[in-house]
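First up is the structure itself, then whatever we jot down about it.
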Amino acid sequence: MSASQNIPKKKITTRNLGEMKREGAKITALTAYDYLMAQILDNSGVDVILAGDSVGMVVQGLETTVTVSMDHMLYHAGIVSRAVERALVVGDLPFMSYQVNSDEALRNSGRMVKEAHVEAVKLEGGESICGTVDRLVSAGIPVMGHLGLTPQSIHKFGSYQVRATTDEEADILRKDARALEQAGVFAIVIEKVPAALATEIAQDLDVPIIGIGAGGGVDGQILVSHDMLGLYTRFHPRFVRRYAQLGEEMQGAFQRYVADVRAGEFPSEAESY
Ligand code: KIV
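The sequence shown runs 2 to 274 under our numbering.
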């Protein structure tokens, strides 16, 4: 029996994630940027597929996510949505598509839903974006928050180090998480913060906390698929468990192909007409 035959076909909604938290069922989330990866993830039973702006780093080869545009996200999120039947599809709002004002945020989120067919949007930030979150949710667009290490602010922080390690920063994180919950998010991604703090926030809040580098005490986990598959190897944070070494596997296959063609061993007679 293939893995996909064991997975309940029931479509995952934002409401289901809240129910999963209440029932103590861990939420699984991974990223996708293209049709094939999204389809494989969906068939593997992952609950949430994020068309993330990490596309800038792992697909476009850029240093940061900052230059990813609305057009890039609409393109990738649209392809992902087309492939997915079961998982909840969340589209990342790229840097500067929601920070200027809530009108722009609403217009861009509306495009994500109407043109790319995502079922929710994700944006980075705490109290300062709660007015925008409220506006989107009031318009019927579910919002996922993102706190802790927020890659779109890399130029403000200057590093990808662990966040909220001081009492003051921990307090800000707690307040931001509560504010986002009050503003109406259905879940919050918390990235690269001490496990004890993330656990405390997950226990304090009703909405699910989905961790990345935030320990095992939260309500679910997300990773960048290309990281966990060993496809993106430029750096290896300790929170990334490598479930495969696909980059090495692919390079080996390409090298064997190159050698076979050069040696006249491909194609064979059986591979010819
Ligand atoms: O863009 C992304 O892949 C993300 C995850 C790291 C949560 O935001």
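Don't be surprised by glycine CBs; every beta carbon is placed ideally from N, CA and C. Being a predicted model, the structure only gives us computed values, none of them experimental.
**Request:** Mind reading off the beta-carbon distance from G19 to F158? Whole number of angstroms is fine, and I expect it under 8 Å.
**Result:** Rounded, the Cβ-Cβ distance is 31 Å, inconsistent with contact.
**Request:** Please report how far the alpha carbon of S103 lies from the alpha carbon of S139, in whole angstroms.
**Result:** 12 Å
**Asked** Hey, which residues come within less than 7 Å of the ligand KIV, measuring from Cβ to any heavy atom, in chain order?
**Response** T32, L51, G53, D54, S55, T66, D93, K123, H147, P152, V190, E192, I213, I223, V225
**Request:** Label K115 either buried or exposed according to how many other C-beta atoms from any shown protein chain fall within 10 Å of its C-beta, with 16 as the threshold for buried.
**Result:** exposed
**Request:** Check each candidate in L107, A165, K12 and name the one with the smallest Cα separation from V90.
**Result:** K12
**Request:** Go through its chain and collect everything with a Cβ distance to S110's Cβ below 6 Å, but skip five positions before and after it.
**Result:** Excluding residues within five positions, the ones whose Cβ falls inside 6 Å are V122, L137, I142.
**Message:** Rounded to whole angstroms, what is the Cα-Cα separation between G126 and A33?
**Reply:** 22 Å
**Request:** List the endpoints of the continuous beta strand (DSSP E) containing K123.
**Result:** 121-125
**Message:** Considering only the alpha carbon of each residue, which of T29, E192, L42, E64 lies closest to E86?
**Reply:** L42
**Item:** Alpha carbon of N44 to alpha carbon of D168, nearest angstrom
**Value:** Taking the Cα positions, N44 is about 42 Å away from D168.
**Item:** Cβ contact (3+ pairs, closer than 8 Å) linking the segment 259-268 and the segment 194-213
**Value:** no
**Message:** Mapping the DSSP letters down to three states, classify E182 as helix, strand or coil.
**Reply:** helix
**Request:** Flag this pair as touching only if the segment 238-251 and the segment 46-56 have three or more C-beta atom pairs under 8 Å; answer yes or no.
**Result:** Result no; under three Cβ-Cβ pairs closer than 8 Å.
**Contact set for E128: own chain, Cβ-Cβ below 7 Å, skip 5 residues either direction** = K176, D177, A180
**Message:** Our contact map puts V190 next to R164 with C-beta atoms below 8 Å; I'd like the distance itself, whole angstroms only.
**Reply:** Their Cβ separation, rounded to whole angstroms, is 13 Å, which puts V190 and R164 out of contact at 8 Å.
**Message:** Using only the alpha-carbon positions, how far apart do I202 and D220 sit?
**Reply:** 10 Å
**Request:** Mind reading off the beta-carbon distance from G185 to V134? Whole number of angstroms is fine, and I expect it under 8 Å.
**Result:** G185 to V134, Cβ: 6 Å. Contact.
**Request:** Decide if S269 is buried, meaning its Cβ has at least 16 other Cβ atoms within 10 Å, or exposed.
**Result:** exposed
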